[in-house]
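Engineer: Got a structure here, written out as structure tokens. Questions coming.
Numbering (the working numbering), first residue to last: 16 to 94.
So, in structure tokens, the structure goes:
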């Protein structure tokens with residue numbers, strides 16, 4: 016069962032994260048671009064230097080359209 020244990024451990028470690036390590040605990044969701052599928056976590060918008068429209072909504076860095084905010088599902092991940 017060596018290979019099974021190795022695969023199980025690999026999956027377990029890839030899903031474990033320290034809350035707040037990269038601002039995850041502070042994230043309420045992410046901004047999505049419906050046109051091209053670009054996603055930016057709400058806590059990363061300013062760090063990535065995204066421009067904003069007149070209402071303050073981030074503008075997609077790839078296509079220039081306003082992005083849509085989607086709340087996190089409560090799993091600690093804004094995905």
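All C-beta atoms in this analysis are idealised placements derived from N, C-alpha and C, irrespective of residue type, glycine included.
Since residue 85 is in the beta strand (DSSP E), which residue starts that stretch and which ends it?
Structural biologist: Note, residue 85: beta strand (DSSP E), 83-86.
Engineer: Is the CB-CB distance between residue 52 and residue 80 below 7 angstroms?
Structural biologist: Contact: no.
Engineer: Evaluate residue 61 with the Cβ neighbour count: other Cβ atoms within 10 Å of its Cβ, from every protein chain shown; 16 or more gives buried, anything less gives exposed.
Structural biologist: So residue 61 ends up on the exposed side.
Engineer: What does the Cβ neighbour count give for residue 45, buried or exposed, with the cut at 16 atoms within 10 Å?
Structural biologist: Buried, because 16 or more other Cβ atoms sit within 10 Å of the Cβ of residue 45.
Engineer: Should residue 75 go down as buried or exposed, given a rule of 16 or more other Cβ atoms within 10 Å for buried?
Structural biologist: Its Cβ being crowded by 16 or more others within 10 Å, residue 75 is buried.
Engineer: Cutting at 6 angstroms between CB atoms, please list the residues of its own chain near residue 66, excluding the five before and the five after it.
Structural biologist: Once the five neighbours on either side are set aside, the close Cβ partners of residue 66 are 74.
Engineer: Could you check the C-alpha separation between residue 77 and residue 48 for me, to the nearest Å?
Structural biologist: Going by the C-alpha atoms only, they are around 9 angstroms apart.
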